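In the numbering used here, the protein residues as written are 8 to 83. Built from N, CA and C at the ideal position, the CB exists for glycine as well. These numbers come from a predicted model, not from an experiment.
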């Protein structure tokens, strides 16, 4: 489960941070789009809800990335 954990010494930390940031931004965008799509018009969109949901999704993405990211392999 924690094969590619960021806290292991044989993981490229810079590559991990870059990959985790990309995953977090994609997750935030997907969450924001899904919340915005629920509002039938732009005036009906709850922008505070969309922003806060996106931020929470980004934080959760970073936290789950701590366990490991498939793109970042262990150095041998």
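Residue 54 sits exposed, since fewer than 16 C-beta atoms from the chains shown fall within 10 Å of its C-beta. Distance from the CA atom of residue 49 to the CA atom of residue 60, rounded to whole angstroms, is 17 Å. Residue 68 is a Cβ neighbour of residue 31, given a cutoff of 8 Å. A straight-line Cα-Cα distance of about 7 Å links residue 38 and residue 64.
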